[in-house]
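The working numbering applies: residue 99 is where the sequence shown begins, and numbers increase by one.
Just so you know, even glycine gets a beta-carbon here, dropped at the ideal spot from N, CA and C.
Small disclaimer: the values here were computed from a predicted structure and weren't measured.
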Amino acid sequence: MTPGPIRLGISRCLLGDEVRFDGGHKRDNFLTDVLGPYVEWVPVCPEVEAGLGTPREAMRLVGDPAHPRLLTIKSGRDHTRMLEKMTTGRLPELGNLDLSGYVFKRGSPSCGIERVRVYTEQAMPSHNGVGIFARAFVEHFPLIPVEEEGRLCDAPLRENFIERVFCYRRYQDLLQNGVTRQAVVRFHTIHKYLLLAHSTQHYQQLGRLVGQAERYRPKELALKYGELFMKALAVKATVRKHVNVLQHILGYFKTQ
Numbered sequence: 099m100t101p102g103p104i105r106l107g108i109s110r111c112l113l114g115d116e117v118r119f120d121g122g123h124k125r126d127n128f129l130t131d132v133l134g135p136y137v138e139w140v141p142v143c144p145e146v147e148a149g150l151g152t153p154r155e156a157m158r159l160v161g162d163p164a165h166p167r168l169l170t171i172k173s174g175r176d177h178t179r180m181l182e183k184m185t186t187g188r189l190p191e192l193g194n195l196d197l198s199g200y201v202f203k204r205g206s207p208s209c210g211i212e213r214v215r216v217y218t219e220q221a222m223p224s225h226n227g228v229g230i231f232a233r234a235f236v237e238h239f240p241l242i243p244v245e246e247e248g249r250l251c252d253a254p255l256r257e258n259f260i261e262r263v264f265c266y267r268r269y270q271d272l273l274q275n276g277v278t279r280q281a282v283v284r285f286h287t288i289h290k291y292l293l294l295a296h297s298t299q300h301y302q303q304l305g306r307l308v309g310q311a312e313r314y315r316p317k318e319l320a321l322k323y324g325e326l327f328m329k330a331l332a333v334k335a336t337v338r339k340h341v342n343v344l345q346h347i348l349g350y351f352k353t354q
C-alpha cells in the first residue's frame with residue numbers, strides 16, 4: 099500500500115490567512131516555505147470557526163488555569179461555550195483526516211499549548227495556561243506530535259518535532275496496512291536504534307514488548323507499542339546517546 103500523506107493541522111494565521119482578532123495574520127516562513135512542500139496542511143482557526151468573525155474584540159483566559167473561561171478584554175463577554183461547542187464538533191472531523199502532527203499558535207487563548215496567560219479576576223496573569231482548543235486536542239489525540247511555531251525556531255526542538263511527525267506517519271501506515279505481530283516486530287527492528295538514541299528505558303521496554311508479542315492480539319500489541327514509541331521519541335536525543343548507538347552498531351563489526 100502506498101504510504102499516506104503527511105497531513106498536519108495548523109493554526110490558520112500561521113499560513114498567512116487574515117483571521118487574527120485584529121484582522122491580521124502571523125505567517126511563518128519556515129512552515130509555509132520550508133516544511134510546506136513536504137506536508138499537507140489542514141488549517142483551523144477555532145475562534146473564526148466558532149463564529150466570532152474577523153476582526154473581533156481581543157480575548158483572554160480568565161479564572162482557574164485548569165478550566166479557564168474565554169472572555170473579551172473590554173466588554174467581558176464570555177465566549178467559552180461557543181469555543182467548546184466548536185471544539186466538540188471539530189475534533190471528530192480532524193480524527194477522520196489521519197493527522198500526523200499539529201502546529202499551534204503560541205500564546206493564543208484558543209491554540210497555545212503551554213505558558214498561555216491566564217488572568218485572575220483582579221487582572222493578574224500567570225503563565226501556566228493552555229488554550230481551550232489546544233487542550234482538548236491533546237487530550238483527544240495524545241499520541242499526535244504537537245508543537246508551537248515559536249519553539250520551532252529552536253533547531254533541536256524543530257528537528258525533534260519533524261522526526262516525530264515522520265515516525266508517527268509510519269506508525270499510522272503500520273496500523274492501516276492490516277497490522278500483524280510480525281509487522282510490529284519488523285517496525286521495531288527498523289526503528290530500534292533511533293529509539294536508543296532517545297531513551298534507553300523506552301528502548302528496553304519496547305524490546306521486551308515485542309519479545310512477548312505472542313501474548314497479545316495484533317491490534318493490542320500495536321497500540322501498546324505506539325504509546326511507548328511516541329513517548330520514547332519525545333525524550334531528547336543527545337550527542338552522548340548517539341555515540342552509544344554508534345558503539346552498539348560497531349559491535350557487529352568486531353570480527354570483521
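Within 7 Å, strictly: CB atoms of residue i and residue j
| i | j | result |
| --- | --- | --- |
| Leu133 | Leu112 | no |
| Leu348 | His296 | no |
| Glu147 | Thr170 | no |
| Cys209 | Gly229 | yes |
| Glu247 | Asp131 | no |
| Glu245 | Val201 | yes |
| Gly227 | Val236 | no |
| Phe264 | Leu272 | no |
| Arg268 | Ala311 | no |
| Gly121 | Pro153 | yes |
| Tyr136 | Ser198 | no |
| Pro144 | Leu192 | no |
| Thr185 | Ala234 | yes |
| Arg262 | Leu255 | no |
Presumed contact (8 Å Cβ cut-off) between residue i and residue j, rounded CB distance
| i | j | result |
| --- | --- | --- |
| Ile211 | Ala232 | 5 Å |
| Pro141 | Ile104 | That belief does not hold up - the Cβ atoms of Pro141 and Ile104 are roughly 15 Å apart, past 8 Å. |
| Leu319 | Gln303 | Rounded, the Cβ-Cβ distance is 13 Å, inconsistent with contact. |
| Leu150 | His177 | 6 Å |
| Leu293 | Tyr301 | 5 Å |
| Gly174 | Arg167 | In fact, because the Cβ distance is near 10 Å, the residues do not count as touching under 8 Å. |
| Leu241 | Gly305 | Their Cβ separation, rounded to whole angstroms, is 20 Å, which puts Leu241 and Gly305 out of contact at 8 Å. |
| Val277 | Lys334 | With a Cβ gap of about 29 Å, Val277 and Lys334 do not count as contacting. |
| His238 | Leu189 | 5 Å |
| Val343 | Tyr291 | 5 Å |
Exposure of residue i, with buried meaning 16 or more beta-carbon neighbours within 10 Å
| i | result |
| --- | --- |
| Pro243 | buried |
| Lys183 | exposed |
| Arg118 | buried |
| Pro207 | buried |
| Thr287 | exposed |
| Leu351 | Sequence check: residue 351 is Phe here, not Leu. Under this definition Phe351 is an exposed residue. |
| Val282 | buried |
| Gln270 | buried |
| Leu106 | buried |
| Val216 | buried |
| Lys172 | exposed |
DSSP three-state assignment for residue i, whether helix, strand or coil
| i | result |
| --- | --- |
| Tyr301 | helix |
| Gly122 | coil |
| Phe231 | helix |
| Val343 | helix |
| Thr178 | helix |
| Asn127 | helix |
| Glu116 | coil |
| Arg110 | helix |
| Pro254 | helix |
| Glu155 | coil |
| Pro243 | coil |
| Val333 | coil |
| Pro135 | helix |
| Pro103 | coil |
My parser needs the alpha helix (DSSP H) runs of 4 or more residues fully inside the region 256 to 316; what are they? 279 to 294, 298 to 309
Minimum length 3: unbroken beta strand (DSSP E) runs contained in the region 169 to 229: 199 to 202, 214 to 217, 223 to 227
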